[in-house]
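Have a look at the structure below before the remarks.
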Amino acid sequence: MKTLEQILSDIDSSRQDIIDTAAGMLRIPALAPVNNGDGEGRKADYLMNHMSGFDQVQRYDVPDELDPSIMRSNIVAVKKGRGKGTVWMVAHMDVVPTGDEDLWDTPPFEPSIRDGRIYARGSEDDGQSVISSLFAAKQFLDQELNGMSIGLALVADEETSSVYGIQYLLDQGIFKKGDIIMVPDHCSPDGEDIAVAEKNILWLKFSIEGRTTHASTPSLGINAYKVSTLLLMDLMESFENRFDRTDDRFLQSNSTFEPTKRIATVENVNTIPGYDEFCMDIRVIPEYDLDIIIRMAEEIAQVYAESTGASIKVEVLQKAVAGRPSSSESEGFTALSESVESIRGRRPSPVGISGGTCANFFRLKGFDAYAWQTGDGSLHAPNEYLVIDNLIDDTKVFASLFYKLCM
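Converting from the sequence shown to our numbering requires adding 1021 to each position, the first position being numbered 1.
What follows is the structure in structure tokens.
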């Protein structure tokens, strides 16, 4: 049986292999059809070639309702132990769109290795965790596990709804009572935070139908852009005043109501736009009921519809209710905390986060689940990157965790 010191040394020796595997994976886009992508299939193909040595490897391809010819791919791999339960690493393969590629110094799907970093879309979110989880598990594939089993769940659809990813796998009954769930996703610069709770998340879309006319005769039309702007300002002010409590368990203690996606209106300056739409990303502390926020949005929209003559539609794009916080006294939290401290030299603290991860779907099912990784927070931005030393150290943390619970 290998000692932990040998395992950590082997990870150091595998540094170039880890980098090369990460770069190879990051060349493959994995965008949802709703984001004009073809899903996770090709990335899953690549990773399936790195799954030799596990006792069980199963792929779950789920047709996307938007385009049933596109499969949303998930990989579940297990190395069996003699003890009860499985220590799961749950990382997602899908990525967000690149945004304006002119803002990137190098092409987003041509990984660039420089200054101790790998630059690519999906590098920190969540490529770093896919690779660190995989290479941590690889250290144990030729060992006898006297403790818990080791499980990898590399999932689809985390960036949009998780319907074809972790929610689908939970419905298949893959995860059992007594399993320990780790979600290497939420990152902090020195790995000082373990996320044990999340906020409620609500995505709303507002569609405003007015009437187009020439800009010289605005009274003959209904300016959808003007209506939407006034509506948005009212929504933000009303939400912030009504839902103003804070919760110190969370890194950002207040609720947030942010306008995000917006379409172009008209191509020329001298036309009154007859249609506009915008979206809001809303993240509120768990005490607030999302249905109350939805009703409030609809009521305010109705006021503007009646006062302007515009037709306004409010759609719920995503509604994620937060599960109960995970225990910071559990065997899993303790083992992860000790593993982080042994590699990073600092004991992490339990925190609540605003971001949504796969961990919340486990909490809603009654599991404790913990989100942790190290990172600079470059996710979703142009020139997203992972720090190679973080990638290696995270691999060591997860290997230490497996050693504590599985050997």
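Glycine is no exception: its CB is placed at the ideal position from the N, C-alpha and C atoms. Just so you know, these numbers come straight off a predicted model, no measurement behind them.
Might you give, ordered along the chain, the residues of its own chain that have their beta carbon closer than 7 angstroms to the beta carbon of Thr-1181, omitting 5 neighbours on each side? Ala-1053, Val-1055
Would DSSP call Leu-1047 helix, strand or coil? helix
Taking DSSP as the reference, what is the three-state secondary structure of Phe-1156? helix
Applying the 10 Å Cβ sphere with the 16-neighbour rule, what's the burial state of Lys-1064? buried
Ordered along the chain, which non-local residues of its own chain (more than five positions away) have a Cβ less than 6 angstroms from that of Ala-1326? Ile-1333
Gly-1387 versus Ala-1356: straight-line alpha-carbon distance, rounded: 20 angstroms
Could you please give the first and the last residue of the uninterrupted alpha helix (DSSP H) stretch that includes Glu-1279? Run containing Glu-1279: none in the alpha helix (DSSP H); it sits in the beta strand (DSSP E), 1277-1283.
Between which two residues does the beta strand (DSSP E) harbouring Tyr-1373 extend? Checking the displayed sequence, the identity of residue 1373 turns out to be Gly instead of Tyr. Here the beta strand (DSSP E) through Gly-1373 covers 1370-1374.
According to DSSP, simplified to helix, strand and coil, what is Pro-1084? strand
Report buried or exposed for Asn-1291, applying the criterion of at least 16 other Cβ atoms within 10 angstroms of its Cβ. exposed
Have a look at Phe-1382, Glu-1359, Gln-1188 and flag the residue whose alpha-carbon is nearest the alpha-carbon of Pro-1371. Glu-1359
Return the chain-ordered list of same chain residues with a C-beta closer than 8 angstroms to the C-beta of Arg-1270, the five sequence neighbours on each side being excluded. Ala-1218, Pro-1346, Val-1372, Gly-1373
Which runs of the beta strand (DSSP E), 3 residues or longer, sit entirely within the stretch 1346-1424? 1370-1374, 1390-1395, 1406-1408
Determine, using beta carbons only, whether Ile-1215 and Ala-1043 come nearer to each other than 7 angstroms. no
Is Gly-1231 buried or exposed, if buried means 16 or more other CB atoms sit within 10 Å of its CB? buried
Out of Arg-1103, Tyr-1185, Ile-1201, which one is the CA nearest neighbour of Asp-1088? Tyr-1185
3-residue-minimum beta strand (DSSP E) runs that sit fully inside the stretch 1169-1236, ordered along the chain: 1170-1176, 1201-1209, 1214-1219, 1221-1230
Would Asn-1411 be called buried (16 or more neighbouring beta carbons within 10 Å of its own) or exposed? buried
Start and end of the alpha helix (DSSP H) containing Asp-1255? 1245-1263
Cβ atoms of Ile-1293 and Asn-1244: under 7 angstroms apart, would you say? yes
Could you check where the alpha helix (DSSP H) with Ile-1306 kicks off and where it finishes? Looking at the DSSP string, Ile-1306 is not in any alpha helix (DSSP H), and its letter there is neither H nor E.
Enumerate in chain order the residues of its own chain whose CB-to-CB distance from Gly-1120 is below 7 angstroms, with the five nearest sequence positions on each side excluded. Pro-1403
Looking at the secondary structure, which residues open and close the beta strand (DSSP E) in which Thr-1286 lies? Element bounds for Thr-1286: n/a, residue is neither H nor E.
Would you kindly report the start and end of the unbroken beta strand (DSSP E) that includes Arg-1093? 1092-1100
Residue(s) in a DSSP beta bridge with Cys-1300: Lys-1226
By Cβ distance below 6 angstroms, which residues in the same chain neighbour Ile-1229 in space, the five residues on each side in sequence not counted? Ala-1245, Val-1248, Ser-1249, Asp-1297, Ala-1331, Ile-1333
Which residues in the same chain have their Cβ closer than 7 angstroms to the Cβ of Asp-1067, if we skip the five residues on either side of it in sequence? Rather than Asp, the amino acid found at residue 1067 in this sequence is Tyr. If we look at Tyr-1067 and ignore the five residues flanking it on each side, its Cβ neighbours are Gly-1045, Met-1046, Ile-1049.
DSSP bridge partner residues for Met-1069 (one or two, in chain order): DSSP lists no partner for Met-1069.
Residue from Asn-1167, Ala-1051, Val-1099, Pro-1118 whose Cα sits closest to the Cα of Arg-1093: Ala-1051
Would DSSP call Glu-1061 helix, strand or coil? coil
With DSSP as the reference, label Arg-1138 as helix, strand or coil. strand
Spatial distance of Val-1316 from Trp-1125 (CA atoms): It is worth fixing the name first, because residue 1316 is Arg in this sequence and not Val. Roughly 40 angstroms between the two C-alpha positions.
Roughly how many angstroms separate the alpha carbons of Glu-1061 and His-1207, rounded to a whole number? 21 angstroms
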